[in-house]
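Protein chains: 2
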Amino acid sequence: MTEKWGFYEIELAGPTEGNPFTDIQLSGRFRLGDRRVEAEGFYDGDGVYRIRFMPDQTGEWCYETFSNCDALNGRTGTFACGEPTEDNHGPVGVANTYHFAYADGTPHISVGTTCYAWIHQGQALETQTLATLETAPFNKIRMCVFPKHYLFNQNEPERYPFEGEPLTDWDFARFNPAFFQHVELRVGQLCELGIEADIILFHPYDHWGFAGMSAEQDDRYLRYVIARLAAYRNVWWSLANEYDYMKTKQLSDWDRFFEVIAKHDPYDHLRSIHNGSKFYDHTKPLVTHASIQSPHVDKGREWRDAYKKPIIDDELCYEGNIEPPWGNITPREMVHRFWTATVMGCYAGHGETYMHPEEILWWAKGGVLHGESTPRIAFLRQILEASGIDGLDPIKNENWMWNSRVAGKEGEYYLFYFEPHQPAVWTLPKGGPWRVDVVDVWNMTLTPVDGEQQGEASIPLPGKTFHALRVRKA
Amino acid sequence: MTEKWGFYEIELAGPTEGNPFTDIQLSGRFRLGDRRVEAEGFYDGDGVYRIRFMPDQTGEWCYETFSNCDALNGRTGTFACGEPTEDNHGPVGVANTYHFAYADGTPHISVGTTCYAWIHQGQALETQTLATLETAPFNKIRMCVFPKHYLFNQNEPERYPFEGEPLTDWDFARFNPAFFQHVELRVGQLCELGIEADIILFHPYDHWGFAGMSAEQDDRYLRYVIARLAAYRNVWWSLANEYDYMKTKQLSDWDRFFEVIAKHDPYDHLRSIHNGSKFYDHTKPLVTHASIQSPHVDKGREWRDAYKKPIIDDELCYEGNIEPPWGNITPREMVHRFWTATVMGCYAGHGETYMHPEEILWWAKGGVLHGESTPRIAFLRQILEASGIDGLDPIKNENWMWNSRVAGKEGEYYLFYFEPHQPAVWTLPKGGPWRVDVVDVWNMTLTPVDGEQQGEASIPLPGKTFHALRVRKA
Chain F
15 MTEKWGFYEI
25 ELAGPTEGNP
35 FTDIQLSGRF
45 RLGDRRVEAE
55 GFYDGDGVYR
65 IRFMPDQTGE
75 WCYETFSNCD
85 ALNGRTGTFA
95 CGEPTEDNHG
105 PVGVANTYHF
115 AYADGTPHIS
125 VGTTCYAWIH
135 QGQALETQTL
145 ATLETAPFNK
155 IRMCVFPKHY
165 LFNQNEPERY
175 PFEGEPLTDW
185 DFARFNPAFF
195 QHVELRVGQL
205 CELGIEADII
215 LFHPYDHWGF
225 AGMSAEQDDR
235 YLRYVIARLA
245 AYRNVWWSLA
255 NEYDYMKTKQ
265 LSDWDRFFEV
275 IAKHDPYDHL
285 RSIHNGSKFY
295 DHTKPLVTHA
305 SIQSPHVDKG
315 REWRDAYKKP
325 IIDDELCYEG
335 NIEPPWGNIT
345 PREMVHRFWT
355 ATVMGCYAGH
365 GETYMHPEEI
375 LWWAKGGVLH
385 GESTPRIAFL
395 RQILEASGID
405 GLDPIKNENW
415 MWNSRVAGKE
425 GEYYLFYFEP
435 HQPAVWTLPK
445 GGPWRVDVVD
455 VWNMTLTPVD
465 GEQQGEASIP
475 LPGKTFHALR
485 VRKA
Chain U
15 MTEKWGFYEI
25 ELAGPTEGNP
35 FTDIQLSGRF
45 RLGDRRVEAE
55 GFYDGDGVYR
65 IRFMPDQTGE
75 WCYETFSNCD
85 ALNGRTGTFA
95 CGEPTEDNHG
105 PVGVANTYHF
115 AYADGTPHIS
125 VGTTCYAWIH
135 QGQALETQTL
145 ATLETAPFNK
155 IRMCVFPKHY
165 LFNQNEPERY
175 PFEGEPLTDW
185 DFARFNPAFF
195 QHVELRVGQL
205 CELGIEADII
215 LFHPYDHWGF
225 AGMSAEQDDR
235 YLRYVIARLA
245 AYRNVWWSLA
255 NEYDYMKTKQ
265 LSDWDRFFEV
275 IAKHDPYDHL
285 RSIHNGSKFY
295 DHTKPLVTHA
305 SIQSPHVDKG
315 REWRDAYKKP
325 IIDDELCYEG
335 NIEPPWGNIT
345 PREMVHRFWT
355 ATVMGCYAGH
365 GETYMHPEEI
375 LWWAKGGVLH
385 GESTPRIAFL
395 RQILEASGID
405 GLDPIKNENW
415 MWNSRVAGKE
425 GEYYLFYFEP
435 HQPAVWTLPK
445 GGPWRVDVVD
455 VWNMTLTPVD
465 GEQQGEASIP
475 LPGKTFHALR
485 VRKA
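Taken in sequence, the protein lines are chains F and U. Position one of the first sequence corresponds to residue 15 (the working numbering), numbered consecutively onward. Position one of the second sequence corresponds to residue 15 (the working numbering), numbered consecutively onward.
Here it is in structure tokens:
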């Protein structure tokens, strides 16, 4: 039985002649009571057509197909949708303006990483990447549909997304189903690991010509990807990595892509677009959240105020040691930026670029993690998931002067982050009584302060680098 | 014999009746060849009047006094001025727009600290402070003329600057010579240690009324201080600590103070004014350099561009552990801000605020240093003094992308500072050949890279936190 937010697929046999990718129109209408959901189908090669659907209500659904091809038109059926299994909380959406939650209401504390081209590295490395992700703290991964050509990324992928002669004569009107089946395989595996796939639809690091398709080709590609992938509950749409570095696209193209996705994705998955040096206008209504590249995480509050949406700085430089400055921050700085983003009421994204003899850098290819930030990010995620509040918002208070940073929920929960400060004493908020823990951010310890504390009590702190204070209503 | 930039004093006996501070006008005119320098005299109590003079040329000087009192008027004399002794390089002035040099041309790499009220703490503690300064790396100290009343500063000074009933009935028209003799004693001792006295003339942390004098009283106070102190070659004038927090003064008062000082100081000692939260307009012509309070040392290049003068961020927070955020940055952060200021082509100031059972915090009272930043600041000073160039200016280069920071002199000297970056390899500038040293900023080691290196060579680096690279023309 299909589960709620699970995956239902109609498989149909149809014509192989002509160009089924362009000649055939196919869609399904799914109904349960008053609800009707339309989903586009797609050609999967070898005369196989599919319509995929993610039901979001339990009960008996029925469907009917629509096509300009008789063999595919007017097919009907029913299927039962049951309760979701334990780890299935549904797709992630925006919650409380600045935060995220799964469809069942469970908060989603976004803790992402980036492996741009991990699905284009071959079976051995991709399997290793999945094994790494299984024990890593990340619940979102930024990844490209297209392969990547760039520094440390000179290898050709095993599969290409289009038919034709690689690099010389693509047929952009004919998709390569094997390529997309492979994308889906990986997206599905991520789903099983509880990881959101932040799918990057376009990017500038191209030598194949995928960045330079026509508007018609771009839109057809988008609809094909949506038809194939939207039924995966863990999908997020990222229109681009570094949209502003793609000289082949205009701002109007990006605006149109948002419209195409909003129109054809039946589930309204999260939509954003990631900048190089120039931020997109994230106030535009089809942008669900801001996906930002910036080393300046301490501007998080400004971004929240500007966009009134969830903020993820998911490229705040990479922990690593390569020469370009975007790829060599210290593990300490990575952890610092995560905590800083947190107390700004925002979310951060991890990435790693340590030099490797075979050029296997996590940031692009996956593999294994070499850095020291990951366990500290896991520790932070544990703290945030135990907060008991629906997202931390920055708290302003005259008593907490100048550089001090605190987020939480007034009267209930406060997370003070001190670095680069090291006070040896701290005055608790008014109210209470409070349960207080001293947090060693680097050594990953939570040390409770004995007993319940009253409001405005002075709490001794270690007066050392890299500490935080957690204050919860007793 | 008086040495060049030394101290010559004319002592005269005069009247004690009336109010010698206001009734008597006294000045000296000093001549050598075509040069004429006018210096105001002052009443030092007990019928003693003094005129002080700092000669800036060797040779036979003659002088003549002028007064409205016959006993003090028309006195003449001569004295010889010889070569300066080894450690006497003269007063510090602006050099190369953004930097400082002593009058003999020796660069002055400003490495300051702050002990606001150290001269008001009694003999034992003041002696201890001097002993600390003797081995500390600081060549400038920010210090107030007036005592300080503030958090951790509740003790009354031994001496007050004015006659009258303390706190109830000051006679602002009568100075207390013993108070100013004590100020001079300390300024002179600093001079012997090679430390510039950055003398803060007004400040808001007052409960005596010294911050609330009339314009006439303020100006008389300034002229008295100038008459007494200007002949000390190590004097800098700082009009205020946190001028914008002094509600008793208007912007026009500060502008006038600059004029009074410029008019009456015969030696044109450095003049600046230190902000609380609102920067003074340091483009004004009588401001010789910017004395800034800001945690944002990474804005140094912007400040240089705005003011076209030397920039000292001499209050970038204090290493310490008190609760207010301005007083509790980590030693690591203090060192980081010094290095950051350096590669921005600016200068930084140190300070310490560790909690102390007797409330003896270096920042206000002196004593001993408890922190860990000081030896690292000494290490940085050594590197800078060995640079062989007249001040480090920021260098922009397309190859050094984004967050990378480098200062020096194009083609001659480069200091790259990486934190929070940790590249494992770095490409040298074009040109060369270069002598290259890897600098461990925290552990204070300079490790030469073997041999001379060619331009654009790739240099392996430790790929660890808190490193820098020194590149010098071979």
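Heads up, the beta-carbon is just placed ideally off N, CA and C, and yes, glycines get one too.
So, do the region 175-186 of chain U and the region 125-143 of chain U have three or more beta carbon pairs nearer to each other than 8 Å? no
Along chain U, which residues have their Cβ under 7 Å away from the Cβ of histidine 435 of chain F? Pro339, Asn342 and Ile343
Thinking C-beta only, is glutamate 386 of chain U closer than 9 Å to glycine 10 of chain U? Because residue 10 of chain U is not part of the residues shown, which for chain U are 15 to 488, the question remains open.
Roughly how many angstroms separate the alpha carbons of tyrosine 321 of chain U and histidine 283 of chain F, rounded to a whole number? 50 Å
May I have the straight-line CA-CA distance separating aspartate 267 of chain F from histidine 163 of chain F, to the nearest angstrom? Annotation: aspartate 267 of chain F to histidine 163 of chain F spans about 22 Å, alpha carbon to alpha carbon.
Counting only Cβ pairs nearer than 9 Å, list the residues of chain F close to glutamate 347 of chain U. Glu433, Pro434, His435, Gln436 and Thr479
Look at the Cβ atom of threonine 491 of chain F, then the Cβ atom of isoleucine 24 of chain F, and state whether they are nearer than 9 Å. Since the displayed chain F opens at 15 and closes at 488, residue 491 of chain F lies outside it and no answer follows.
Beta strand (DSSP E) runs wholly inside the region 176-212 of chain F, at least 3 long, in chain order: You should have 176-179 and 183-189.
Can you check DSSP and say which residues form a bridge with arginine 484 of chain U? U/Leu429 and U/Asp451
Are proline 324 of chain U and histidine 103 of chain U closer than 9 Å when you measure CB to CB? no
With distances taken from CA atoms, which of U/Ile155, U/Gly341 and U/Glu372 is nearest tryptophan 168 of chain U? Contrary to the premise, residue 168 of chain U reads as glutamine rather than tryptophan in this sequence. With distances taken between Cα atoms, glutamine 168 of chain U lies closest to U/Glu372.
Which residues DSSP lists as bridging histidine 435 of chain U, in chain order: F/Ile343, per the DSSP bridge assignment.
Just the chain F side, please: which residues come within less than 9 Å of methionine 369 of chain U by C-beta, in chain order? Ala438, Val439 and Gly477
Does any C-beta atom of chain F lie closer than 9 Å to the C-beta of glycine 334 of chain U? yes
Is the CB of histidine 364 of chain U under 9 Å away from at least one CB in chain F? no
In chain order, what residues of the same chain lie with their CB nearer than 6 Å to the CB of arginine 200 of chain U, ignoring the 5 residues before and after it? Excluding residues within five positions, the ones whose Cβ falls inside 6 Å are Ile133.
Cβ neighbours of glutamate 87 of chain U in the same chain (closer than 7 Å, five flanking residues each side left out): Residue identity check: residue 87 of chain U is asparagine in the sequence provided, not glutamate. Answer for asparagine 87 of chain U: Thr79, Phe80 and Ser81, listed in chain order.
For the ligand FMN, is there any heavy atom lying closer than 8 Å to the beta carbon of leucine 253 of chain F? Only the bare structure without any ligand can be found here, which leaves the ligand FMN out of the picture.
Distance between leucine 236 of chain F and serine 124 of chain F (C-alpha atoms, nearest Å): 25 Å
Using the three-state DSSP reduction, which class does leucine 147 of chain U fall into: helix, strand or coil? helix
Less than 9 Å separating the beta-carbons of aspartate 212 of chain U and isoleucine 240 of chain U? no
So, at 7 Å on beta carbons, what are the nonlocal neighbours of isoleucine 275 of chain F in its own chain, with the 5 sequence-adjacent residues on each side left out? The beta carbon of isoleucine 275 of chain F sits closer than 7 Å to the beta carbons of Leu236, Ile240, Trp251 and Arg285 from its chain, once the five residues preceding and following it are set aside; these are given in chain order.
Any Cβ of chain U within less than 9 Å of the Cβ of histidine 283 of chain F? no
Beta-carbon separation (whole angstroms), arginine 156 of chain U vs isoleucine 214 of chain U, contact threshold 8 Å: 6 Å
Which parts of the region 104-164 of chain U are runs of the alpha helix (DSSP H), unbroken and 4 residues or longer, counting only runs that do not cross its ends? Taking only runs of at least 4 residues, the alpha helix (DSSP H) segments lying wholly in the region 104-164 of chain U are 137-149.
Please decide whether histidine 350 of chain F counts as near chain U, where near means a Cβ-Cβ distance under 9 Å. yes
Hey, how far is the Cα of phenylalanine 44 of chain F from the Cα of asparagine 289 of chain F? 37 Å
How close, in whole Å, do the beta carbons of leucine 139 of chain F and glycine 381 of chain F come, if the pair is a contact with beta carbons under 8 Å? Sure, about 6 Å apart at Cβ, within 8 Å.
What is the DSSP secondary structure of lysine 323 of chain F, counted as helix, strand or coil? coil
Could I get the ranges of all uninterrupted alpha helix (DSSP H) runs contained in the region 342-406 of chain F, with 4 residues as the minimum, in chain order? 345-357, 376-379 and 387-399
I think glycine 445 of chain F touches glycine 477 of chain F, with their Cβ atoms under 8 Å apart; what is that distance to the nearest whole Å? Not a contact, Cβ separation roughly 25 Å.
Going by DSSP, which residues form a beta bridge with serine 472 of chain F? F/Thr441
Between methionine 68 of chain F and arginine 247 of chain F, how many whole angstroms is the CB-CB distance? I'm expecting something under 8 Å. 6 Å
Which partner residues of glutamine 467 of chain F appear in the DSSP bridge assignment? F/Trp448
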